[in-house]
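Each residue of the sequence shown is one higher than the one before, counting from 16 in the working numbering. All C-beta atoms, glycine included, are put in the ideal place defined by N, C-alpha and C. Model, not experiment: these values are computed from the prediction. Scroll down for the structure; my scribbles are underneath it.
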Amino acid sequence: MKNIKICLLFLILLPLKSQSAIFEFSLDFGYDKQLYGVNRQNSVVSRNYSGGISTYLFDLTAIDLTASSTQDITSQNDRYNVATGIDVIGQQNVVKTNVFGLGIKQMLAARGARLTPIISVGYAREMVTSSGDITVENTVSNARSVFSLTESKQSYNSMFGSFTLQLKLTERFSLKGSVKTLFQAFEFNKAKDNLKYLFGISWIF
């Protein structure tokens with residue numbers, strides 16, 4: 016493990032022999048939590064992991080291959096009556112989205128710039144799995160039961176777009192922040208409905 020860390024540090028700090036990158040690898044992570052309800056008893060938690068590898072065809076233009084996984088968990092802890100002596104006291108929905116994309120990445124500043132804006136657009140295959148459960152309580156005996164919801168799976172042909180600001184720390188290693196969108200193919204009016212804010216790293220090798 017120690018040798019792997021040393022090799023990775025060497026690759027990050029090693030000066031490039033030319034100004035044109037051959038490959039660039041990136042990792043991103045996003046986390047968002049929202050609380051709502053009179054007593055802040057409900058929540059929506061979203062986690063996103065993504066990675067990509069870019070092959071530069073020209074100095075500032077690359078083919079971008081990406082993969083991401085998002086998990087959105089909605090927890091509702093409101094109590095309401097559904098039948099005599101039966102209350103629903105909780106419901107949880109879990110949506111997992113896996114996306115594989117292929118597109119074009121364009122740097123909007125010279126490669127030697129300290130701060131570089133980057134845009135990416137392309138095609139994506141989106142696979143969505145939904146599941147969840149409902150918790151009910153017998154108001155007479157106070158006994159609780161949990162019922163699982165039927166899992167559903169769907170897939171879509173989609174498009175993705177992103178805007179990234181990349182801060183160069185060394186010639187090979189950068190920090191970056193991104194705004195990404197994913198929407199069904201050619202439904203451009205929905206691009207603003209699914210925005211994710213991510214923080215990550217990238218390095219050239």
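For residue 87, write down the residues that DSSP places opposite it in a beta bridge. Here residue 87 corresponds to residue number 72 of the sequence shown, with the count starting at 1. Under the DSSP definition of a beta bridge, residue 87 partners with 61 and 110.
Same chain only: Cβ atoms within 6 Å of residue 112, ignoring 5 sequence neighbours per side: As a working mapping, residue 112 is identified with position 97 in the sequence shown. Excluding residues up to 5 positions away in sequence, 85 and 143 lie with their Cβ nearer than 6 Å to the Cβ of residue 112 in the same chain.
Where DSSP assigns a beta bridge to residue 82, which residues make up the other side? On the sequence shown, position 67 is the one that residue 82 refers to. BP columns for residue 82 point to 66 and 115.
If you check the beta carbons only, do residue 104 and residue 151 fall under 8 Å apart? Position 89 of the sequence shown, counted from the first residue, corresponds to residue 104. Position 136 of the sequence shown, counted from the first residue, corresponds to residue 151. A contact, by the Cβ cut-off of 8 Å.
Mind the definition here: the segment 84-103 touches the segment 120-132 only if three or more C-beta pairs lie below 8 Å; say whether that holds. Cβ pair count under 8 Å is below three, so no.
State whether the segment 199-218 contacts the segment 34-54, with contact taken as three or more CB pairs (one from each stretch) at a distance under 8 Å. Touching, per the Cβ criterion.
Can you give the Cα-Cα distance for residue 107 and residue 192, rounded to whole angstroms? The sequence position of residue 107 within the sequence shown is 92, counting from 1. The sequence position of residue 192 within the sequence shown is 177, counting from 1. If I take the Cα positions, the gap works out to 30 Å.
Considering only the beta carbon of each residue, do residue 170 and residue 199 sit closer than 8 Å? Translated into positions along the sequence shown, residue 170 becomes position 155. Translated into positions along the sequence shown, residue 199 becomes position 184. No.
Residue 121 bridges to which residues according to DSSP? Numbered from 1 along the sequence shown, position 106 holds the residue referred to as residue 121. Residue 121 has 76 and 134 as its beta-bridge partners, per DSSP.
Since residue 164 and residue 147 are thought to touch, with beta carbons under 8 Å apart, how far apart are those beta carbons, to the nearest angstrom? Numbered from its first residue, the sequence shown carries residue 164 at position 149. Numbered from its first residue, the sequence shown carries residue 147 at position 132. Confirmed, about 4 Å.
Can the beta-carbon of residue 70 be found less than 8 Å from the beta-carbon of residue 115? Here the question's residue 70 lines up with position 55 in the sequence shown. Here the question's residue 115 lines up with position 100 in the sequence shown. No, they are not a contact pair.
Could you check the C-alpha separation between residue 36 and residue 74 for me, to the nearest Å? In the sequence shown, counting from the first residue as 1, residue 36 sits at position 21. In the sequence shown, counting from the first residue as 1, residue 74 sits at position 59. Any reading at residue 36 must be qualified, since the residue scores a pLDDT of 48, below 50, and its modelled position is unreliable; the value itself is stated next. Rounded to the nearest angstrom, the two C-alpha atoms are 7 Å apart.
Considering only C-alpha positions, which residue in the set 209, 187 and 52 is nearest to residue 177? For the purposes of this step, residue 177 is taken as residue 162 along the sequence shown, with counting starting at 1. Considering only alpha carbons, the answer is 209.
Cα separation between residue 59 and residue 145? Taking the first residue of the sequence shown as position 1, residue 59 is located at position 44. Taking the first residue of the sequence shown as position 1, residue 145 is located at position 130. If I take the Cα positions, the gap works out to 15 Å.
Cα-Cα separation between residue 62 and residue 49, rounded to whole angstroms: As a first step, residue 62 is located in the sequence shown; it is residue number 47 there, counting from the start. As a first step, residue 49 is located in the sequence shown; it is residue number 34 there, counting from the start. Between the alpha carbons of residue 62 and residue 49 lies a gap of roughly 12 Å.
Give me, in chain order, the residues of the same chain whose beta-carbon lies closer than 6 Å to that of residue 160; leave out the 5 immediate sequence neighbours on both sides. Counting from 1 along the sequence shown, the entry for residue 160 is found at position 145. Excluding residues within five positions, the ones whose Cβ falls inside 6 Å are 151.
Among residues of its own chain, excluding the 5 on either side of residue 205, which ones have a beta-carbon nearer than 8 Å to its beta-carbon? On the sequence shown, position 190 is the one that residue 205 refers to. Counting only Cβ-Cβ distances below 8 Å, and skipping sequence neighbours, we find 198 and 199.
Check each candidate in 119, 181, 102 and 65 and name the one with the smallest Cα separation from residue 157. Counting from one through the sequence shown, the residue named residue 157 turns up at place 142. Here the closest residue by C-alpha is 102.
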